[in-house]
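Written below as structure tokens is the structure these notes are about.
Chains as they are written, first to last, in our numbering: chain S, 1000 to 1223; chain W, 57 to 244.
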């Protein structure tokens, strides 16, 4: 009986792994991707909205509670872009902080206008959360009075930004990652001003997903 | 009679199958309920350092300088990377955390984060990381419904659903309804 059950589980595991491999092949060759640096994207966000991108940067923060967001920076440490994981990536681990990563995904734009903020206020009052709250400041997961105050300040700041905008809205951008890998370097890279990033040659290696992951914790999978 | 036996067997087998998932969701549920008070996924430690001699010029803070600094103040930590978040601050990424140093005062802080055993893994699953896991957790949720319903009809008699069971089940229904009346519908 136990042998039968184990046999069924083994067959099921093989089938699941085959299905995943099929999906991977389709995902890699479907669309043409644009290869960019964080600084290039941040300098001209609108150009890249809804485009498939391969972007390289250094992880400077991972949300430690759920791992559902990380921020990567380029040459300028003041400029970082938010990355959210696809369902297949699942979560980002905190150990990624400080690592150079190659992320493949779509740049998403969220236009924040008065209607959006009003709705957000309602959602916060009801206890739900929004992606817009999780900007580079990190947002909060707490529901303490202090946290509620912080959210109120964020709402006020949003309204100020809307008022200052010409179009009656401003935009937040993030990349919805479909896959990513940690870029292994022979030498550790230093983010010193004026130094050029030597990322371009590494783009070519992006499909060698599992070959460069040994720096990470055992069993951790970043690319699918 | 046959229906009751089927009910009991279903309850028993679902209980066996989903024993470990219940432990996972139970423990991670408690952990996430108290997320304001602790980080269930990581053990985060902070320690203060004071760097005695530090270059006044930022360009002198090279990788080799930083590794020497780490050897002295955090000898167990492995260097990953470093940068300057602003003119006065050096941030060093180490394998399990980061080090901040104020370049003017030499005051610094080492923050290390290590995966909390058991909870990190259980929380990972609780956050529904993969579509396959969503399917498994959906099956588990449906099974919980079945466990709850079949549980009502395990026993007959004074301890069954027509006796003691009715009172306890009623209590279990009333508690969330009172909360809804007070906090959701705000009737009191």
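We put the beta carbon where it would ideally sit given N, CA and C, even for glycine.
Given this structure, state the Cα-to-Cα distance separating residue 94 of chain W from residue 1067 of chain S, to the nearest angstrom. 18 Å
With a cut-off of 8 Å, do at least 3 Cβ pairs link the segment 1103 to 1120 of chain S to the segment 1167 to 1177 of chain S? yes
If distances are taken between C-alpha atoms only, which option among S:1086, S:1081 and S:1089 comes closest to residue 967 of chain S? In the structure displayed, chain S extends from 1000 to 1223; residue 967 of chain S sits before or after that span and is not available.
DSSP three-state call for residue 1038 of chain S: helix, strand or coil? helix
From what residue to what residue does the alpha helix (DSSP H) around residue 188 of chain W run? 187 to 208
Where does residue 183 of chain W fall in DSSP's three states? coil
Between residue 1176 of chain S and residue 1102 of chain S, which are expected to be in contact by the criterion C-beta below 8 Å, what is the C-beta distance as a whole number of angstroms? 5 Å
So which residues on chain W does residue 1094 of chain S lean against when the C-beta distance must stay under 7 Å? 152
Decide if residue 168 of chain W is buried, meaning its Cβ has at least 16 other Cβ atoms within 10 Å, or exposed. buried
How long is the line joining the alpha carbons of residue 119 of chain W and residue 1062 of chain S, rounded to whole angstroms? 27 Å
Straight-line CA distance for residue 217 of chain W to residue 1154 of chain S? 51 Å
Quick check on residue 148 of chain W: buried or exposed, where buried means 16 or more other Cβ atoms within 10 Å of its Cβ? buried
I'd like to know whether the C-beta atoms of residue 215 of chain W and residue 207 of chain W end up nearer to each other than 8 Å. no
Where does residue 60 of chain W land, buried or exposed, given buried means 16+ other C-beta within 10 angstroms? exposed
Please state the DSSP three-state secondary structure of residue 1121 of chain S. helix
Could you tell me which chain W residues have their CB closer than 9 Å to the CB of residue 1177 of chain S, listed as they occur along the chain? Within 9 Å Cβ-Cβ: nothing; residue 1177 of chain S doesn't reach chain W, min ~13 Å.
Within 8 Å (strictly less), CB to CB, does residue 141 of chain W reach chain S? yes
Indicate whether residue 199 of chain W and residue 75 of chain W have their beta-carbon atoms separated by less than 8 Å. no
Touching by the beta-carbon criterion (3+ pairs, under 8 Å), the segment 125 to 140 of chain W and the segment 1080 to 1098 of chain S: yes
Output yes or no for whether 8 Å exceeds the beta carbon distance between residue 1100 of chain S and residue 1071 of chain S. yes
By the DSSP assignment, the beta strand (DSSP E) with residue 1112 of chain S in it spans what residues? 1099 to 1112
Got a sec, what are the start and stop residues for the alpha helix (DSSP H) residue 1068 of chain S sits in? It is not in any alpha helix (DSSP H) - residue 1068 of chain S carries neither H nor E in the DSSP assignment.
DSSP-derived helix/strand/coil call for residue 86 of chain W: helix
Cross-chain neighbours of residue 1083 of chain S in chain W, by beta carbon under 8 Å: Those within 8 Å of residue 1083 of chain S in chain W number zero; the least Cβ separation is about 13 Å.
Got a sec: is the Cβ-Cβ distance from residue 1086 of chain S to anything in chain W below 8 Å? yes
Cβ separation of residue 111 of chain W and residue 121 of chain W, assumed to be a contact under 8 Å, to the nearest whole Å: 7 Å
Checking 8 Å against the spacing of the C-beta atoms, do residue 165 of chain W and residue 156 of chain W come in under that value? yes
Just the Cα atoms here: how many angstroms apart are residue 243 of chain W and residue 1146 of chain S? 27 Å
Proximity winner among W:233, W:170 and W:238, relative to residue 98 of chain W (alpha-carbon distances): W:170
Which of helix, strand or coil DSSP assigns to residue 159 of chain W: coil
Return the CA-CA distance between residue 108 of chain W and residue 150 of chain W, expressed in angstroms with no decimal places. 20 Å
For residue 71 of chain W and residue 79 of chain W, what's the separation of their Cα atoms in angstroms? 11 Å
Beta-carbon spacing of residue 1034 of chain S, residue 1106 of chain S below 8 Å: no
At least one CB of chain S closer than 8 Å to the CB of residue 91 of chain W: is that the case? yes
My parser needs the beta strand (DSSP E) runs of 3 or more residues fully inside the segment 86 to 138 of chain W; what are they? 98 to 106
Can you give me, in chain order, the residues of the segment 163 to 182 of chain W that have a beta carbon less than 7 Å from any beta carbon in chain S? 169 and 180
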